[in-house]
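Scroll down for the structure; my scribbles are underneath it.
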């Protein structure tokens, strides 16, 4: 068999080379020389020749092995008279099975195809598998929380305050501090909790009442607490020696009677300030004595003006020192009583004009605002606890308190004998019933409370009063969800009011 060197050959330096196959067709032979490499084989020479055996009808496959050495003297190809760098081609016999190179190349291509398919498949399957595992893990976690009747509490603490999660107890002292964790996300069973956030000298309390599995007011039934800084500017007081306002932060709370599940629902309120005590005789007397105050129609509603022109005030602030009831109701630091809703509302309008300085709005609390600050962050049913046992009777100024005088309690005596709630408010149960801004409109989960026309000054109907009084003989009147409602011209020795303040935009 005569071999000829084809011009497509290429040299390989000290690499083992093998001949793919030879095929005899019409007495011609074609040979391809391949060089194996790291990433497969490449063709380095193409040889052609003729079979010189006249008896050969079809040549058998042969294998040719050899080395290509640049330093070897190049062979002279007789047929083409050119250098053949693919020298030392040695035919071997018997020949191995055919198609070795094609099979190897096919395997390489197949491996590459499988590798590419594997990468594509992994890119599809792995994310799906991860999603499935995550979903399955989430479902298993949800099953656990559902069995425990838990809700997720999420704390957003962007100001870097020192925070504590506390479980409320029966009273102010019966609390249990819980581990919040670094993630600031925790699942808790039903109960009353609050978050204490301390930054420098200020501490703010956020209520977290939970009633069941994913019962919260936020996305997915969670309860989100957004910790914000306490305002640096507080509302002014009419007199410099009066106690400062208590701050009630923005957030959700549980509104309504706990004993009536259909009524109770979450409400979200923006932050506001509230007086720690009811408005006193001293403050209301300043309103009466100011020529631009009580006498001016500018601070009264239309219905209030009509009432004022045909009626006379019975406010306890008008009692002279010689009056027999002065010590019981007329002293400066005692809460003003015998005031109508019209008078209480007009006082707030006057105070806004007098000391608001265009920056502060003073008003009666809405029913929702009153209940949020009265319940405190502990979500109590009574002013200072969840119940009213025999030992807790003296905590409130009401008729069954054996140590209390049958009258209202002033500021000085309150500091001596009574405690405020965790927000700093005194006498939310007892002392005097307190007017609110809200008209008597029923609410429940299907028809939740809303800050709508029920809180307008000129709304008609009964106005809600809350809190019980010194004259209350029933524990039901001290229950914070208890609602009284009176005509706005009503007044009595039991009824007074406190005010809230909001920063104007």
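Numbering (our numbering), first residue to last: 418 to 922.
Heads up, the beta-carbon is just placed ideally off N, CA and C, and yes, glycines get one too.
For clarity, every value in this text was computed on a predicted model and none was experimentally measured.
| Query | Result |
| --- | --- |
| Proximity to residue 774 [Cα-Cα], best of 921, 669, 557, 526 | 921 |
| Cβ-based burial, residue 904 [other Cβ within 10 Å; buried from 16] | exposed |
| Reference residue 564; option with closest CA among 630, 543, 698 | 630 |
| Residue 920, enclosing beta strand (DSSP E) - first and last residue | 917-920 |
| When 712, 650, 739, 767 are compared against residue 728, the one with the closest alpha-carbon | 712 |
| Closest by C-alpha distance to residue 832, when choosing among 822, 843, 839 | 843 |
| Sub-7 Å separation of residue 795 and residue 585 beta-carbons | yes |
| Within 7 Å, strictly: CB atoms of residue 753 and residue 908 | no |
| Spatially closest choice to residue 835 from 856, 809, 857, by CA coordinates | 809 |
| The stretch 739-752 in contact with the stretch 672-690 per 3-pair CB rule at 8 Å | no |
| Residues near residue 767 by beta carbon distance below 6 Å, same chain, minus five either side | 704, 710, 716 |
| CB of residue 647 within 7 Å of CB of residue 674, strictly | no |
| Residue 848 beta carbon less than 7 Å from that of residue 881 | no |
| Beta-carbon proximity list for residue 857, same chain, < 8 Å, skipping 5 on both sides | 878, 879, 880, 881, 900, 902 |
| Option nearest residue 781 by Cα separation, candidates 726, 819, 852, 876 | 852 |
| First and last residue of the uninterrupted beta strand (DSSP E) at residue 701 | Premise fails: residue 701 lies in the alpha helix (DSSP H), 698-706, not in any beta strand (DSSP E). |
| Span of the beta strand (DSSP E) around residue 649 | Neither: residue 649 is in no beta strand (DSSP E) and is coded neither H nor E. |
| Whole-angstrom C-beta distance between residue 693 and residue 623, which should lie under 8 Å | Not a contact, Cβ separation roughly 19 Å. |
| Beta-carbon gap between residue 662 and residue 652 smaller than 7 Å | yes |
| Whole-angstrom distance between residue 668 and residue 687, CA atom to CA atom | 7 Å |
| Where residue 886 falls, given that 16 or more other Cβ within 10 Å makes a residue buried | buried |
| Residue 824, DSSP secondary structure in three states | coil |
| Residue 596 vs residue 567 beta-carbon contact at 7 Å | no |
| Backbone CA spacing between residue 626 and residue 725 [nearest angstrom] | 43 Å |
| Residue 748 versus 762, 732, 763, residue with shortest Cα-Cα distance | 732 |
| Identity of the residue in 800, 701, 811 nearest residue 771 by Cα | 701 |
| Candidates 870, 676, 736, of which the one nearest residue 910 by Cα | 736 |
| Sub-7 Å separation of residue 628 and residue 875 beta-carbons | no |
| DSSP-derived helix/strand/coil call for residue 605 | strand |
| 6 Å CB neighbourhood of residue 759 in its chain, flanking five on each side removed | 721, 724, 905 |
| Assumed close pair residue 696, residue 764 - CB separation to whole angstroms, cut-off 8 Å | 7 Å |
| Whether residue 593 touches residue 570 by CB criterion (7 Å) | no |
| Residues of its chain near residue 893, where Cβ-Cβ distance is below 7 Å and the 5 sequence neighbours each way are ignored | 899 |
| Straight-line gap, residue 670 to residue 587 (C-alpha atoms, nearest Å) | 18 Å |
| Span of the alpha helix (DSSP H) around residue 792 | 784-792 |
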